[in-house]
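Below is one structure, written out as structure tokens; comments come after it.
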């Protein structure tokens, strides 16, 4: 489906969803009742308008004359009654008088930014005309003024960013001052079938918003880009995230595990399990372990290779004894480039003499690789352990 038609369909779904919401919530924090000559907030016609508003939101509404009569009377009493004017606009819309409906809806927007139906009606109109940016401006107003009613909108925006045109239109709102940014990231990460569109949106920014409340979302985004094999996008996104060291993309030093900044798997991930994992002993020295009868990954890091960069993993094995079927070894899986899918594996590190240098060659046509330290506790009663240092790329 073309990008413009995709957004039109999404905005129309937003309108329908919000009309249903309005029908359920009518009269509760969703109206403006201005001052009148009978006193502040007094609206003689409020109960009758509320009843007709409920009906007007339902299919097959046929009481247009009653709406016109009652809304006109209400406007005579309270000329700035945004709800009455909006109901007249809906009357025009139902009768096919779109220009008249648009004029009234624009007046409603000037009277009250909190008239959600007017904002979404105008958003739908602008999207049908191909004005995606203006459609999103109306949605932004609603997201700002009605934060407790906007999860359905954010869920649909999460789907909308699959369209490059929608991403371009949403891009100006991805900034620290946008109050719905945290919910947008959270819902997109939870609801979207793929994180790639969100990653491409962040990659298009000069800099991702520098707000503490987005830190968890950034971490989730980086982790899922890797787990969904979108390493090309991950490489573009990571330097845009505040507080990280972009150089970690191209380095394998163990120090990143204790840097206090950055996100796995661009920095070393030693896991959180009690039966296997790793612990940093010094800035570039770490111990990796697994208890008996437990095997798996103890540490993980993705690394990218610039053209001409060394493609050998170098390390020093300091401590670790073999026996009782225990083993530790490096596994390097190419995840990007012509050698994507190739896997190479080191010898059992426990069989190397302590305080010796080791190396493992990465496939030559590999643009990015996942480095994993595998540990198997074998049949030991005490944990299997290996201590490594000086992990780096070289030749």
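Residue numbers (my numbering): 68 to 462.
For every residue, glycine included, the Cβ atom is placed at its ideal position computed from N, Cα and C.
Endpoints, alpha helix (DSSP H) assigned at residue i
i, result
"residue 217", "First-last for residue 217: undefined, no H or E at that position."
"residue 169", "165-178"
"residue 195", "183-195"
"residue 240", "Unbroken run through residue 240: none, as it is neither H nor E."
"residue 262", "First-last for residue 262: undefined, no H or E at that position."
Span of the beta strand (DSSP E), counted from its first residue to its last, around residue i
i, result
"residue 436", "435-443"
"residue 381", "379-386"
"residue 362", "362-371"
"residue 461", "451-461"
"residue 391", "Careful: residue 391 lies outside any beta strand (DSSP E) and carries neither H nor E."
"residue 357", "352-357"
Contacting residues, own chain, Cβ-Cβ under 8 Å from residue i (five flanking each side not counted)
i, result
"residue 292", "262, 263, 266, 298, 300, 301 and 304"
"residue 91", "Its pLDDT being 38, under 50, residue 91 is placed unreliably in this model, and the value from its coordinates should be taken loosely. Excluding positions up to five away in sequence, the list is empty."
"residue 171", "152, 153, 155, 156 and 159"
"residue 406", "430, 431, 432 and 433"
"residue 222", "254 and 258"
"residue 410", "398, 399, 400 and 401"
"residue 218", "250 and 254"
"residue 284", "249, 252, 253 and 256"
"residue 114", "Any answer about residue 114 is weak, because its pLDDT of 48 lies below 50 and its placement is not dependable; what the coordinates show is given next. None."
"residue 351", "320, 321, 322, 456, 457 and 458"
Contacting residues, own chain, Cβ-Cβ under 6 Å from residue i (five flanking each side not counted)
i, result
"residue 289", "330"
"residue 332", "293, 367, 368 and 369"
"residue 213", "183"
"residue 168", "156, 159 and 160"
"residue 236", "199, 200 and 203"
"residue 84", "Because the pLDDT at residue 84 is just 48, under 50, the model does not fix this residue reliably, and the value given afterwards should be weighed accordingly. Excluding sequence neighbours, residue 84 sits near 219."
"residue 244", "none"
"residue 165", "none"
"residue 338", "344"
Residue i versus the options, residue with shortest Cα-Cα distance
i, options, result
"residue 378", "461, 171 and 419", "461"
"residue 183", "163, 196 and 204", "204"
"residue 328", "279, 198 and 362", "279"
"residue 369", "313, 358 and 439", "439"
"residue 376", "430, 148 and 158", "430"
"residue 457", "354, 407, 391 and 406", "354"
"residue 449", "390, 213 and 432", "390"
"residue 270", "234, 364, 339 and 247", "234"
"residue 281", "348, 256 and 407", "256"
"residue 259", "295, 274 and 275", "295"
"residue 362", "312, 452 and 174", "452"
"residue 334", "238, 198 and 437", "437"
"residue 383", "419, 316, 350 and 251", "419"
"residue 454", "428, 349, 408 and 385", "385"
"residue 230", "180, 199, 243 and 246", "199"
"residue 224", "387, 244 and 248", "248"
"residue 470", "232, 191 and 447", "Residue numbering for the chain in the displayed model covers 68 to 462; residue 470 lies beyond these limits and cannot be assessed."
"residue 388", "365, 374, 408 and 356", "356"
"residue 374", "317, 313, 226 and 181", "317"
Same chain, Cβ closer than 7 Å to residue i, neighbours up to 5 away in sequence not counted
i, result
"residue 434", "371, 372, 403 and 404"
"residue 72", "With a pLDDT of only 48 at residue 72, under 50, the local geometry of the prediction cannot be trusted, and the value read off the model is given with reservation. Excluding positions up to five away in sequence, the list is empty."
"residue 459", "319, 320 and 381"
"residue 107", "Summary for residue 107: the model assigns pLDDT 36, below 50, so the residue's position carries little reliability; its value from the coordinates is reported in the next sentence. Excluding sequence neighbours, residue 107 sits near nothing in its chain."
"residue 105", "Note that residue 105 scores a pLDDT of 33, beneath 50, so its modelled location is shaky; the value from the coordinates is reported in the next line. Correct list: empty, nothing qualifies."
"residue 95", "Bear in mind that a pLDDT of 30 at residue 95, under 50, signals an unreliable position, so the model cannot answer this."
"residue 347", "321, 324, 325 and 353"
"residue 307", "269, 270, 272, 274 and 275"
*Please list the segments of the alpha helix (DSSP H) lying wholly inside the stretch 287-342, counting only runs of 4 or more residues, in order along the chain.*
298-304
*Cβ pair count under 8 Å reaching 3, the stretch 430-448 against the stretch 390-397*: yes
*Is it true that the stretch 408-418 meets the stretch 319-333, where meeting means three or more beta-carbon pairs spaced less than 8 Å apart?*
no
*Hey, is the stretch 340-353 in contact with the stretch 417-436, meaning 3+ C-beta pairs nearer than 8 Å?*
no
*If you pair each beta-carbon of the stretch 199-214 with each one of the stretch 167-187, do three or more pairs fall below 8 Å?*
yes
*In chain order, which alpha helix (DSSP H) runs of at least 4 residues are fully inside the stretch 398-434?*
none
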